[in-house]
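Visitor: This is the structure, below, for whatever I ask next.
Numbering (full-length UniProt numbering), first residue to last: 1 to 362.
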């Protein structure tokens, strides 16, 4: 598989995280756990296969063959809620150091949360966790823990699997997915109970990944239980998640969801599709977006959009719906409007880990 190939090329990965004003090594047990207010740096060293010259004789001396070559890719990862100071700090410190070490073998890739490329994601083998807030510093005082709830989901490809912390609420459950719920206890010897909730329509592989992640995140003094949908205990599952609530019984939107960006920034109007692994931050404030969830087609309007763009995007959405009438006659779509900050749940559920908009000063 492509995930295996990318991991075979990877010779080594060194991880750093920004603590205050400097980058320090990330403890190995935290690899794959990201915080949305932090910045991380990963130095990946890849082997580059060497093409042998055509005329090389079979029996030539070994040492004359060219050495295996390598290249270094530095991924700078920025959480949704982290400021751009981390990037500035990186360009003036660590990046300079790497450039002096690796010269022209170095490539720097700035990466934003949930917009990671597949090669980077593949190195985590689907164990990619995004937590809210800042990471706990090694000597920080213990804080009183609160309930934690995570949603595991793959977008378009199993490689693009992330486990994202969301608000604890039963209405976000869905049989198509697996979730992790940690309910804290007020006791010295037991910190809490962790439920790995397996939806009735979830893939077996997802259940395996969710269980692994739970054991990785909650190592000491937690009890971990796998529960199937429909077998939730009143205590502490429903109590911990804030009570029973009705939730969707399928996730058909996962089969149909497509996001398009309508823009005339190039001087002409164009509509381009985002990749299947889209996220909330792909909604550009100066554009109109078209989201198809398989039942509705939403026209999402940013706050800095021009009237011309809105008119042309509206036209485009109508053409798109007409086109689908021929291609999927059994699924006619309705055209609806989605205003920023007022989006309907049928819109927001298409985005993994939908939350507040990031209002970070660029």
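Beta carbons: idealized from backbone N, C-alpha and C, even for Gly. Values in this document were obtained by computation on a predicted structure and should not be read as measured data.
Under the assumption that residue 183 contacts residue 34 (Cβ atoms under 8 Å), give the Cβ distance between them as a whole number of angstroms.
Guide: Not confirmed; about 23 Å, so no contact.
Visitor: Buried or exposed for residue 213, going by 16 or more other Cβ atoms inside 10 Å?
Guide: Buried, because 16 or more other Cβ atoms sit within 10 Å of the Cβ of residue 213.
Visitor: Can you list, in chain order, the residues of its chain whose CB lies under 7 Å from that of residue 351, leaving out five sequence neighbours each side?
Guide: Same-chain partners within the cutoff: 279 and 280.
Visitor: Ordered along the chain, which non-local residues of its own chain (more than five positions away) have a Cβ less than 6 Å from that of residue 227?
Guide: Once the five neighbours on either side are set aside, the close Cβ partners of residue 227 are 195 and 197.
Visitor: Which residue or residues does DSSP assign as beta-bridge partners of residue 113?
Guide: The partner list for residue 113 (beta bridge, DSSP) is empty, contrary to what the question assumes.
Visitor: What does the alpha-carbon distance come out to for the pair residue 355 and residue 150?
Guide: When rounded, the distance between both Cα atoms is 13 Å.
Visitor: Comparing alpha-carbon positions, which option in 163, 284, 164 and 96 lies nearest residue 357?
Guide: Cα-wise, what sits closest to residue 357 is 284.
Visitor: Does the Cβ-Cβ distance between residue 113 and residue 80 come in under 9 Å?
Guide: For residue 113 and residue 80, yes; Cβs fall inside 9 Å.
Visitor: What are the start and end residues of each continuous beta strand (DSSP E) run of 3 or more residues lying completely inside the segment 14 to 102, in chain order?
Guide: Correct list: 22 to 25, 33 to 35, 39 to 48 and 69 to 78.
Visitor: Quick one: any contact between the segment 9 to 28 and the segment 141 to 149, if contact means 3 or more CB pairs under 8 Å?
Guide: No: fewer than three Cβ pairs fall under 8 Å.
Visitor: In the DSSP assignment, find the unbroken beta strand (DSSP E) run with residue 149 in it and report its ends.
Guide: Start and end: 148 to 154.
Visitor: Around the Cβ of residue 169, are there at least 16 other Cβ atoms within 10 angstroms (buried) or fewer (exposed)?
Guide: Answer is exposed; the Cβ neighbour count stays below 16.
Visitor: Report the option in 233, 294 and 2 whose CA atom is closest to the CA atom of residue 325.
Guide: The residue with the shortest Cα to Cα distance from residue 325 is 294.
Visitor: Can you list, in chain order, the stretches of the beta strand (DSSP E) that have 3 or more residues and sit fully within the segment 172 to 240?
Guide: As far as the segment 172 to 240 is concerned, its whole beta strand (DSSP E) runs of at least 3 residues are 178 to 184, 192 to 198 and 222 to 228.
Visitor: Can you tell me whether residue 100 is buried or exposed? The criterion is at least 16 other CB atoms within 10 Å of its CB, across all chains shown.
Guide: With fewer than 16 other Cβ atoms within 10 Å, it is exposed.
Visitor: Pull the bridge partners of residue 282 from the DSSP assignment, please.
Guide: The partner list for residue 282 (beta bridge, DSSP) is empty, contrary to what the question assumes.
Visitor: Identify whether residue 107 lies in helix, strand or coil by the three-state DSSP scheme.
Guide: Residue state, collapsed to three classes: strand.
Visitor: With which residues is residue 261 paired in a DSSP beta bridge?
Guide: According to DSSP, which records beta bridges pairwise, residue 261 is partnered with 272 and 289.
Visitor: Please confirm whether residue 120 and residue 75 have their CB atoms less than 9 Å apart.
Guide: Cβ distance < 9 Å, so residue 120 and residue 75 count as in contact.
Visitor: Compare the beta carbon distance of residue 291 and residue 257 with 9 Å and say whether it is the shorter of the two.
Guide: Yes; because the gap between Cβ atoms is below 9 Å, this pair is in contact.
Visitor: Within the continuous alpha helix (DSSP H) that includes residue 314, where are the two ends?
Guide: Start and end: 307 to 327.
Visitor: With DSSP run on the structure shown, which of helix, strand or coil describes residue 346?
Guide: It is helical.
Visitor: Might you give, ordered along the chain, the residues of its own chain that have their beta carbon closer than 8 Å to the beta carbon of residue 7, omitting 5 neighbours on each side?
Guide: Here the set comprises 122, 123 and 125.
Visitor: Among the residues of its own chain, which have a CB less than 6 Å from the CB of residue 12, if the five just before and after it don't count?
Guide: Once the five neighbours on either side are set aside, the close Cβ partners of residue 12 are 45.
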